[in-house]
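Quick mapping for you: the protein sequence lines, in order, are chains A and B.
Using our numbering, read the first sequence as starting at 125 and increasing by one per residue.
Using our numbering, read the second sequence as starting at 2 and increasing by one per residue.
The beta carbon of each residue, even a glycine, is placed where N, CA and C say it ideally should be.
Note that the structure is a prediction, hence the values are computed from the model and not measured.
To start, the structure itself, in structure tokens.
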Amino acid sequence: DQQVKQNSPSLSVQEGRISILNCDYTNSMFDYFLWYKKYPAEGPTFLISISSIKDKNEDGRFTVFLNKSAKHLSLHIVPSQPGDSAVYFCAASANSGGSNYKLTFGKGTLLTVNP
Amino acid sequence: DGGITQSPKYLFRKEGQNVTLSCEQNLNHDAMYWYRQDPGQGLRLIYYSQIVNDFQKGDIAEGYSVSREKKESFPLTVTSAQKNPTAFYLCASRGGNPGNTIYFGEGSWLTVV
Chain A
125 DQQVKQNSPS LSVQEGRISI LNCDYTNSMF DYFLWYKKYP AEGPTFLISI
175 SSIKDKNEDG RFTVFLNKSA KHLSLHIVPS QPGDSAVYFC AASANSGGSN
225 YKLTFGKGTL LTVNP
Chain B
2 DGGITQSPKY LFRKEGQNVT LSCEQNLNHD AMYWYRQDPG QGLRLIYYSQ
52 IVNDFQKGDI AEGYSVSREK KESFPLTVTS AQKNPTAFYL CASRGGNPGN
102 TIYFGEGSWL TVV
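Below, the structure is given as structure tokens:
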């Protein structure tokens, strides 16, 4: 049973436009969410996170929105740049700050930003 | 430089052989993790350790073993019992403020022929 779902395997946008990557989750116990960016044959790089007590967190060009009632979060990148082209993973945890902390990942969305 | 170091980056082994992947971190993080990535798949948790001399199975622990004798080190052994060992393996550790961010190493490619 996939608890974190990224239903779009790929997304293509034009440089300068907004990229919106979506993520849905099923486990109502998840209370902390993260987005990672990954290039081929490299480890994922942490981008931005959000606690379930918030509905928005912003860091430069990256903004994450959380809709708890819909069990949905999204990552907005604006403006998109060709260097943003990578696979983006959504991850969630049910025990933020606790001793049994671990992340459950979605399958990722390949973002391509065209010049 | 502070970070998570995985070695080797690429590893080839014959079927039936055990192989150990190294993971070292100098971030002073208590918790360490091993994930596996297959093509078109997300990251799946193999084992994790919250503290030295303690570790727990993740979602796909069968065919793997780990040890955590030192805070800095969390080696993963892929045994001959693992049916599909060819994959990209990622080591990670947990830290930051408030301590909910997991940071990854560069990964190790294991190919079993």
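Inset, instruction - Assign B/D55 to one of three DSSP states: helix, strand, or coil. - result: Within the second sequence, the letter at position 54 stands for residue 55 of chain B. Three-state DSSP puts B/D55 in a strand.
Legend entry - Three-state class that DSSP yields for B/G96 in the structure shown: As a position in the second sequence, residue 96 of chain B is number 95, starting the count at 1. Correct three-state label for B/G96: strand.
Legend entry - Boundaries of the beta strand (DSSP E) in which A/K161 is found, first to last residue: On the first sequence, position 37 is the one that residue 161 of chain A refers to. Run containing A/K161: 156 to 162, per the beta strand (DSSP E) assignment.
Inset, instruction - List the residues that DSSP assigns as beta-bridge partners of A/T236. - result: Taking the first sequence and counting its residues from 1, the one referred to as residue 236 of chain A is at position 112. Answer by DSSP bridge pairing, in chain order: A/S136.
Inset, instruction - Enumerate in chain order the residues of its own chain whose CB-to-CB distance from A/K178 is below 8 angstroms, with the five nearest sequence positions on each side excluded. - result: Stepping through the first sequence from its first residue, residue 178 of chain A is reached at position 54. Closer than 8 angstroms at the Cβ level, and outside the excluded window around A/K178, lie L190.
Legend entry - Cβ shell of A/K231 (< 7 angstroms), same chain only, five flanking positions each side left out: Position 107 of the first sequence, counting from 1, holds the residue named residue 231 of chain A. So the qualifying residues of the chain are Q130.
Inset, instruction - Just confirm the distance between the C-beta atoms of B/P76 and B/S23, as a whole number of angstroms; I'd bet it's less than 8 angstroms. - result: Your numbering for residue 76 of chain B matches position 75 in the second sequence. Your numbering for residue 23 of chain B matches position 22 in the second sequence. Confirmed, Cβ separation roughly 5 angstroms.
Inset, instruction - Could you name the residues that DSSP lists as bridge partners for B/M1? - result: Outside the modelled stretch of chain B, which goes from 2 to 114, sits residue 1 of chain B, for which no answer is possible.
Legend entry - CB contact below 8 angstroms: B/E63 versus chain A: Here residue 63 of chain B refers to the residue found at position 62 of the second sequence. Cβ-Cβ to chain A under 8 angstroms: no for B/E63.
Inset, instruction - Could you have a look at A/D148 and say whether DSSP puts it in helix, strand or coil? - result: Taking the first sequence and counting its residues from 1, the one referred to as residue 148 of chain A is at position 24. DSSP places A/D148 in strand when its eight states are reduced to three.
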